[in-house]
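*Asks:* I have a structure I would like to understand better, so I am pasting it below and will then ask my questions one at a time.
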Amino acid sequence: MNLIRAELLKIRSTSTWWIFLLITLPLWGLTLMFNGFQSAYLLSPEAAEGMSGEDAEQIIAAGDPANVAANLYTNGQFFGVAIVMLLGAIVVTNEYFHQTVTTTFLTTPHRTRVVLAKLFAASVFGLVLWVITTAANLPAGALIMGANDEASYMGDGTVWRAIALNGLAYLLWAIFGVGFGVLIRSQIGATITALVLYFAGYIGAAIFFGVLSDRFGDWFNNLQLLVPSLASQLMVSGTELPGNPPQWAGALVLIGYAIVAGTVGTLLMRTRDIS
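Using our numbering, you'd call the opening residue of the sequence shown number 15 and step up by one each time.
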């Protein structure tokens, strides 16, 4: 517990937390604006006009009010989990950047405890950011639903399941970030690599599976959940969309990645020379 308190103090007593918060707020506002326009389109009767087959089914399913509400109440996840991932990496790389890692391990020779404390501290920050964004999403989402003559759907179980899974995604991406920080000790190298892999992986995988899924069928399209950023997006869908894997599959994939990242990070930190 002393180690956990120390790690939380490192985040709380430096400019790290509010810098990340200042970055998150405008990104949250931009995604809310985009989701607001998208919601108005999906909820309109003309959304599926002129479409047929699977395209029409996808639009109709996405336009289900429960799906639209779930998307609004989990607004900001795409950038939010990236911010959490960066903080997780910085929690580790700060030790090397400020050359305090030797002191840390001399004070606490049991390195596994240090890594676990960093994982816990990063996860707490991830959950705090989830709470903040969710607290802002609930009234904003309800207003957007009301503006489109729809109920808030706050009593719908699928909506709250999406919100809960969104919290799990924030927690797991924090663990990924710590894993990146252990693998790449350079602060600049770890943050840039993590961002490039996150955004390039998301865009590249979306294009790749979008182009080839029509050729190979649903089984190939379902492989998109192996990409972490796409798996976390899948977790917050309100109800299962046609041709997409279920929410729980995305959650299991992310949990698996988090376990691997946490285990590998701990083993590397235990054996790596820090001098």
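Backbone N, C-alpha and C fix where the C-beta goes; we use that ideal spot for every residue, glycine too.
So which of W144, I18, F34, Q201 has the shortest CA-CA distance to I104?
*Replies:* For I104, the nearest C-alpha among the options comes from Q201.
*Asks:* Please check the pair A84 and V250, which I expect to be a contact at CB under 8 Å, by giving their CB distance rounded to whole angstroms.
*Replies:* Indeed, because the Cβ distance is near 6 Å, the residues count as touching under 8 Å.
*Asks:* Let me make sure I understand the geometry here. Which of S53, M99, V95 has the alpha-carbon closest to that of G79?
*Replies:* Inspection of the sequence shows that residue 79 is occupied by Pro rather than by Gly. Considering only alpha carbons, the answer is S53.
*Asks:* At a cut of 8 Å, does the region 121 to 136 reach the region 272 to 285 through at least three beta carbon pairs?
*Replies:* Enough Cβ pairs lie closer than 8 Å, so yes.
*Asks:* Among the residues of its own chain, which have a CB less than 7 Å from the CB of S243, if the five just before and after it don't count?
*Replies:* Closer than 7 Å at Cβ, skipping near neighbours: Y212, G215, Y216.
*Asks:* Using only alpha-carbon positions, find the residue among L152, W32, E60, I189 that is nearest to W290.
*Replies:* Not covered by the structure: residue 290. The range shown for the chain is 15 to 289.
*Asks:* Under the rule that 16 or more other beta-carbon atoms within 10 Å means buried, what is N16, buried or exposed?
*Replies:* The residue is exposed, with fewer than 16 neighbouring Cβ atoms inside 10 Å.
*Asks:* Looking at the unbroken alpha helix (DSSP H) that takes in S29, where does it start and where does it end?
*Replies:* From DSSP, S29 is part of no alpha helix (DSSP H); its letter is neither H nor E.
*Asks:* T107 and A204 - do their beta-carbons sit closer together than 8 Å?
*Replies:* Yes; because the gap between Cβ atoms is below 8 Å, this pair is in contact.
*Asks:* In whole angstroms, what is the alpha-carbon distance linking G50 and L22?
*Replies:* Cα-Cα distance, rounded: 35 Å.
*Asks:* Would you mind reading off the limits of the alpha helix (DSSP H) that contains D145?
*Replies:* Correcting the residue type first, residue 145 is Val in the shown sequence and not Asp. Counting along the chain, the alpha helix (DSSP H) containing V145 begins and ends at 125 to 161.
*Asks:* Using CA atoms only, rank isn't needed, just tell me which of N236, I273, L56, G140 is closest to P260.
*Replies:* P260 has its Cα closest to that of N236, out of N236, I273, L56, G140.
*Asks:* Within this structure, are the beta carbons of S190 and A272 separated by less than 8 Å?
*Replies:* It is Phe, not Ser, that sits at residue 190 in the sequence shown. For F190 and A272, yes; Cβs fall inside 8 Å.
*Asks:* For W98 and Y184, which I take to be in contact (beta-carbon distance under 8 Å), what is that distance rounded to the nearest angstrom?
*Replies:* According to the sequence provided, residue 98 is Val. The question's Trp does not apply to it. Right, their Cβ atoms sit about 5 Å apart.
*Asks:* Apply the 10 Å Cβ neighbour rule to F48 and answer buried if 16 or more other Cβ atoms are within range, or exposed otherwise.
*Replies:* So F48 counts as exposed.
*Asks:* Following the continuous alpha helix (DSSP H) through L197, name the residue where it begins and the one where it ends.
*Replies:* 171 to 197 is the span of the alpha helix (DSSP H), which, as asked, contains L197.
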